[in-house]
Amino acid sequence: MKPTPQLETQLVAITGMACRFPGAPSLAEFWNLLSEGRHGIGPVPAERWNAEAMFDPDTKVRGKINTRHGGFIDAIDRFDAAFFGISPREATQMDPQQRILLELAYLALEDAGIRPEQLAGSDAAVFVGAMTNEYMRHQLADAYHRVDVHTGSGAGLCMLANRLSYQFDLRGPSVAVDTACSSSLVAVFQACQSLWTGQSRLAIAAGVNVMLDPACNVFYGKAGLSAPDGKCKTFSAAANGIGRAEGAGVVILKRLQDALTDNDPIYAVIRGGAVNHDGRSNGLTQPNRWAQEQLLRRAFEHAQVDAKELEYIELHGTGTLIGDPIEANAIGSVLTEGGERTAHCLVGSVKTNLGHLEAAAGIAGLIKLALSTHYSEIPPSLWFDQPNPHIAFDRIPIRVNTQRSPWPVREGRRLSGISSFGLGGTNTHLVVEAAPLQNAVIRQQRSAHYRLFLSARSEAALKELALGYVEFLTTTPDADLPVVCSTAIRRKGVHDYRLSILGSSGAALISRLRVFLAGQDDADIVFGRYRPSHRRLQVMVSEHERIDSQLIANWLTQMPVARAAWDKCQRLFRLHGTALLPSVDELSACTNLRAGDADFQAWHFSAQYALLMQLRTSVNTIEVIDADGLGQLAALCAADALAVDSAILWLGTDLSPDFPRHAEIPEPKYFLTCDCAAGRNPSLEAIDWRVRRVPLYERLQSIAGGDRLACSTGTAL
1104 MKPTPQLETQ
1114 LVAITGMACR
1124 FPGAPSLAEF
1134 WNLLSEGRHG
1144 IGPVPAERWN
1154 AEAMFDPDTK
1164 VRGKINTRHG
1174 GFIDAIDRFD
1184 AAFFGISPRE
1194 ATQMDPQQRI
1204 LLELAYLALE
1214 DAGIRPEQLA
1224 GSDAAVFVGA
1234 MTNEYMRHQL
1244 ADAYHRVDVH
1254 TGSGAGLCML
1264 ANRLSYQFDL
1274 RGPSVAVDTA
1284 CSSSLVAVFQ
1294 ACQSLWTGQS
1304 RLAIAAGVNV
1314 MLDPACNVFY
1324 GKAGLSAPDG
1334 KCKTFSAAAN
1344 GIGRAEGAGV
1354 VILKRLQDAL
1364 TDNDPIYAVI
1374 RGGAVNHDGR
1384 SNGLTQPNRW
1394 AQEQLLRRAF
1404 EHAQVDAKEL
1414 EYIELHGTGT
1424 LIGDPIEANA
1434 IGSVLTEGGE
1444 RTAHCLVGSV
1454 KTNLGHLEAA
1464 AGIAGLIKLA
1474 LSTHYSEIPP
1484 SLWFDQPNPH
1494 IAFDRIPIRV
1504 NTQRSPWPVR
1514 EGRRLSGISS
1524 FGLGGTNTHL
1534 VVEAAPLQNA
1544 VIRQQRSAHY
1554 RLFLSARSEA
1564 ALKELALGYV
1574 EFLTTTPDAD
1584 LPVVCSTAIR
1594 RKGVHDYRLS
1604 ILGSSGAALI
1614 SRLRVFLAGQ
1624 DDADIVFGRY
1634 RPSHRRLQVM
1644 VSEHERIDSQ
1654 LIANWLTQMP
1664 VARAAWDKCQ
1674 RLFRLHGTAL
1684 LPSVDELSAC
1694 TNLRAGDADF
1704 QAWHFSAQYA
1714 LLMQLRTSVN
1724 TIEVIDADGL
1734 GQLAALCAAD
1744 ALAVDSAILW
1754 LGTDLSPDFP
1764 RHAEIPEPKY
1774 FLTCDCAAGR
1784 NPSLEAIDWR
1794 VRRVPLYERL
1804 QSIAGGDRLA
1814 CSTGTAL
């Protein structure tokens, strides 16, 4: 599908990712495995099947397998059912693929800075690539008495997508895709289509594959596709078949413009792509070079790029003697159309590290490519000692990347591609571009102390999380502590069991985390369980005649949520050209503004909105009991009753100076609901210094009904 001119600029950003792959149970460990040139291939675990009993090197022997190896993930039987509100009985009937996807989708949303509850009721879409349903066969073989009310929802392939939509209350498309080995990349393409057409504002795309049964291995052997050592040797003379593997990956997708507006982290950008079929080729399961060439041309046209611009291609690269040369020749033919290239296009395949993840192969390659683009580094492709003699590398402008290499430095865009081909002939290719520089991670100013806030749904889970931070800070001594601390609270959901640690360095944070894990007390450690309260913080959002730029700069540098809100306003004012709002770093050098000055209203609104957004993370419930002038706009936006974009557009009209002062907020009042980060009822101590210097504090304390204060941009608040 070619996007309309209106949608050409709505490229798709990858804003969050999570994965579990052989030898790499997390996103960080996956990048370490790739960049260090390691692999996750190993013996078949004893709990899957009896590899010795099934083994025979002769593929002609019926019912036998010519390999004892594969790519397996650990602990697929482990699942925190209580975390997702699922009963143990229902969890037992759930396909492990469902369980893994639930956990990874949650982690991917966290990685994108999204709390799942924020998406409830939205049009967010879910597309999942999958092709096997071995758990149902494994569970019900000669045991139909095990069928119960949860069997249908636990075993169907459709439920891999539907379960995610149900769990997070998502109302957009929810589709399971089965095109065999290309399933997950086709799912990503369909997720992009959902964004391009406006069906959804956010999409979750995923792929999963779990090996519980050796039947597919037997088929691979009989078809001459199985590598005895379980390794995919892409484009190598030693290529002798496919090594099967399992795993799962999830990506969070948004239109690039929306991601930039929302200040989301961006790993990479999907410019476009294509999907096609081999048609009637040499056989149903035989690849078709001409179809692959057509696929690449369509993908490049859709993404509006020239084939010569591509610097790297993540190959399908299964390591078969027939498939590899066909893929190489198709790429070579398209890359040389219209003249010679000035440099080789680097190629590689994640299958050399993980094996062939089948339905999840495409998502594994995409996550590798996004990380590679993000870190400006191309990991090595393994097992390429001698080139495949059936590939004319001397005539094709490609080179297998066998070493950890910096991304090629060339003029123009940093472009790459990724291919995925299905056993039945469904092919897909996506074009990927580096993220724009505007989304660079915000670096907070250095502080004498750093506060790390962690939360979980049980004390045991909180301790496990704390231990994970000990390990991370110990192995990453140069970690940027302001980013670590702000990320911990921005990207993680706030749960009932909470821990707050204060330290002046990474070593101090590690020390106090260990004190907590040992069950000891410390003045710089606050631990407790949150219990809901009906108490509210009531706020009056007042309008002022003067704005102190130095004061605003001081509290924005100390409040990450407020800073993000200010930055969002700055981008929107710049986008619409209605005002010039300085960055946080520029604020301290600015002169103070008074009513009537140019851009005063933009500063005033942005400061009020930023402060209210920060307060949302600090107390149980904020009730706006009165708001003057522009304060009404800020309150409505902070209450999610009015889009910030709409407010800023309205501020740019000629009507804005006539905004009524001291206008009554109509019933019902606007409530800003959130959790108390201190783990107790909201109190003046919980917001201490932010309250004590407010001029109206003494007078407001005499008003019954709760703790009240005035949000004033001209005071210390």
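One gets our numbering by counting positions in the sequence shown from 1 and adding 1103 to each.
Each residue gets a CB set at the ideal place from its N, CA and C atoms; glycine is no exception.
Tell me the DSSP secondary structure of residue i in three-state form.
i       : result
Gly1809 : At Gly1809 the pLDDT is 36, less than 50, meaning the model places this residue with poor confidence; the figure from the coordinates comes in the next sentence. Gly1809: coil per DSSP, three-state reduction.
Ala1626 : coil
Glu1574 : helix
Thr1531 : strand
Gly1350 : strand
Cys1284 : strand
Val1356 : Residue 1356 is actually Leu in this sequence, not Val. In the structure shown, Leu1356 sits in a strand (DSSP, three-state: E or B).
Ile1307 : strand
Glu1443 : coil
Asn1695 : coil
Gly1631 : strand
Thr1776 : At Thr1776, the pLDDT of 29 sits below 50, so the modelled position is not reliable; the number obtained from the coordinates is stated separately. Here Thr1776 sits in strand by DSSP.
Ser1759 : Bear in mind that the predicted position of Ser1759 carries a pLDDT of just 40, short of 50, making it unreliable; the figure below should be weighed with that in mind. In this structure, Ser1759 counts as helix in the three-state DSSP scheme.
Arg1123 : strand
Arg1151 : coil
His1172 : strand
Gly1145 : strand
Ser1384 : coil
Gly1465 : helix
Leu1460 : coil
Glu1158 : Note that residue 1158 corresponds to Phe in the displayed sequence, not to Glu. In this structure, Phe1158 counts as strand in the three-state DSSP scheme.
Leu1799 : For Leu1799, the predicted structure reports a pLDDT of 27, less than 50, and the residue's modelled location is therefore unreliable. A value from the coordinates is still provided. Coil.
Per DSSP, which one or two residues make a beta bridge with residue i?
i       : result
Ser1508 : Ile1481
Tyr1415 : Leu1449 and Ser1519
Phe1524 : Asn1530
Asn1379 : Asn1530
Val1115 : Arg1358 and Ile1373
Val1231 : Ala1279 and Ala1309
Pro1490 : Ser1339
Phe1403 : Answer is none; Phe1403 lacks a bridge partner.
Val1503 : Val1450
Arg1649 : Arg1697
Gly1606 : Tyr1553
Ile1179 : Its beta-bridge partners do not exist; DSSP assigns none.
Ser1329 : Ile1345
Arg1601 : Ser1558 and Gly1631
Ala1537 : Ala1371
What residues in its chain sit with their C-beta under 6 Å from that of residue i, if we drop five residues either side in the sequence?
i       : result
Lys1336 : Ala1342, Gly1422 and Trp1486
Ser1268 : Val1229 and Ser1277
Ala1406 : Arg1374, Gly1375 and Val1534
Val1629 : Ser1603
Cys1122 : Leu1130, Phe1133, Gly1352 and Ile1470
Lys1357 : Ala1116, Thr1118 and Leu1305
Asp1281 : Met1234
Ala1537 : Thr1476 and Arg1517
Asp1702 : Ala1682 and Leu1683
Asn1312 : Glu1349, Leu1460, Glu1461, Ala1462 and Ala1463
Leaving aside the five residues before and after residue i along the sequence, list all residues of the same chain whose C-beta is less than 8 Å from its C-beta, in chain order.
i       : result
Thr1694 : Ser1652
Gln1397 : Asn1379
Ser1138 : Tyr1478, Glu1480, Pro1482 and Arg1507
Return the chain-ordered list of same chain residues with a C-beta closer than 7 Å to the C-beta of residue i, the five sequence neighbours on each side being excluded.
i       : result
Asn1169 : Asp1159, Pro1160, Thr1162, Gly1324, Ser1329 and Pro1331
Phe1182 : Ala1194 and Arg1202
Ser1479 : Pro1509 and Trp1510
Ile1345 : Tyr1323, Leu1328, Ser1329, Ala1330, Cys1335, Thr1421, Gly1422, Thr1423 and His1459
Phe1524 : Cys1284, Ser1285, Pro1390, His1419 and Asn1530
Leu1212 : Gly1119, Pro1219 and Ile1355
Phe1338 : Gly1420, Asp1427, Ala1431, Phe1487, Pro1490, Asn1491, Ile1494 and Val1503
> Is it a yes or a no for the segment 1114-1122 touching the segment 1163-1174, going by three-plus beta-carbon pairs under 8 Å?
Replying inline: no
> Counting pairs of beta carbons, one from the segment 1349-1358 and one from the segment 1521-1533, are three or more of them closer than 8 Å?
Replying inline: No: fewer than three Cβ pairs fall under 8 Å.
>> For the segment 1513-1524 against the segment 1218-1226, do three or more pairs of beta-carbon atoms, one drawn from each stretch, fall closer than 8 Å, so that the two count as touching?
In response: no
> Can we say the segment 1706-1717 touches the segment 1740-1750, given the rule of at least three CB pairs closer than 8 Å?
Replying inline: yes
>> With three or more beta-carbon pairs closer than 8 Å as the criterion, would you say the segment 1299-1311 touches the segment 1357-1369?
In response: yes
> Counting Cβ pairs, one atom from each stretch, are 3 or more of them under 8 Å apart for the segment 1373-1380 and the segment 1284-1297?
Replying inline: yes
> Can we say the segment 1445-1453 touches the segment 1492-1506, given the rule of at least three CB pairs closer than 8 Å?
Replying inline: yes
>> Assess contact between the segment 1555-1569 and the segment 1431-1439, defined as three or more Cβ pairs (one per stretch) separated by less than 8 Å. Is contact present?
In response: no
>> Which complete alpha helix (DSSP H) runs does the segment 1182-1234 hold, if anything under 4 residues is left out?
In response: 1191-1196 and 1199-1214
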